[in-house]
Amino acid sequence: MLVEQSYSGYKDFGGVKFPTQIVQKRAGLSWTNLAVTDVKAKWFSNSRTLLMPDKLAQSGKNPKFEYMGEKKVLKEGTQAVELYHLKGALHAEDIIVAYLPALKTVIEADAFNAPAPNAPAPQTVNGFEKLLASELDRLKIDYTTIIPVHQPAGGDRDVTKADCLRTSGGRARISG
Numbered sequence: 005m006l007v008e009q010s011y012s013g014y015k016d017f018g019g020v021k022f023p024t025q026i027v028q029k030r031a032g033l034s035w036t037n038l039a040v041t042d043v044k045a046k047w048f049s050n051s052r053t054l055l056m057p058d059k060l061a062q063s064g065k066n067p068k069f070e071y072m073g074e075k076k077v078l079k080e081g082t083q084a085v086e087l088y089h090l091k092g093a094l095h096a097e098d099i100i101v102a103y104l105p106a107l108k109t110v111i112e113a114d115a116f117n118a119p120a121p122n123a124p125a126p127q128t129v130n131g132f133e134k135l136l137a138s139e140l141d142r143l144k145i146d147y148t149t150i151i152p153v154h155q156p157a158g159g160d161r162d163v164t165k166a167d168c169l170r171t172s173g174g175r176a177r178i179s180g
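Just so you know, the sequence shown maps onto residues 5 to 180 in the working numbering.
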């Protein structure tokens, strides 16, 4: 789906020129219309957190990181969460989706924006949706429901595999 953004009314905010109006259209319809009244340049330059010091810094402990490859499984009792790395994601190289096999549910952010209920298939296929559908197919994930973390307002409905396939052009790309 084509997304068009426009910026206007540039103003000087402490030496930084920034637009005072940001408009985003999706499929020709107004999606976002922001009026910018104040900009604080480099507000985060002292720290990567809003709380200074944050809980980790206060604890005196070193952070621990756990890395994953293409797949990682987390288990507790009889429940499992499978984490998968999506290959070829344009938005970010490190996009991960979660799969709950017992519920046949995929949880994702930034890979699929569910269409409105009963909306017609889009005239142009979005690369994000096509990638998600093909990656879930490549990974052989058996899902019926998708939980899109960034579901638009009013998104109080189940999003299905059929929604993903309809939005991705009706079929997944076959990976070699």
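We put the CB at the ideal spot given by N, CA and C, even for glycine. All of these numbers come straight from a predicted model, not from anything done at the bench.
If I'm right that I150 touches E112 with Cβ under 8 Å, what's the distance once you round it to whole angstroms? The pair is a contact, with the Cβ atoms about 7 Å apart (cut-off 8 Å).
Please classify L136: does DSSP put it in a helix, a strand, or coil? helix
My output table needs one value for A39: the three-state DSSP class, helix, strand or coil. In the three-state scheme derived from DSSP, where H, G and I count as helix and E and B as strand, A39 is classed as strand.
Just verifying my parser: in three-state terms, what is the DSSP assignment at D141? helix
Whether Y88 touches Y71 by CB criterion (9 Å): no
Contact check, P57 vs A84, beta carbons under 9 Å: no
Which partner residues does K79 have in the DSSP bridge list? A84
Note down the Cα distance separating Q127 from Q25, rounded to an integer number of angstroms. Cα to Cα, the separation comes out at about 29 Å.
Just checking my contact of T148 with K108 at CB under 8 Å: how many whole Å lie between their CB atoms? 5 Å
Do you know how far the Cα of Q28 is from the Cα of T36? Going from the Cα of T36 to the Cα of Q28 covers about 5 Å.
By DSSP, does K68 sit in helix, in strand, or in coil? In this structure, K68 counts as coil in the three-state DSSP scheme.
Can you grab the Cα-Cα spacing for the pair G131 / K68, in whole Å? 35 Å
E133 beta carbon less than 9 Å from that of N117: yes
Just to confirm my understanding: we take F22, look at its own chain, exclude 5 residues before and 5 after, and list those with CB closer than 6 Å. What are they? V43
Going by alpha carbons, who is nearest to P124 out of A31, D114, G19 and Y14? A31
Exposure label - L136; buried when at least 16 CB within 10 Å: buried
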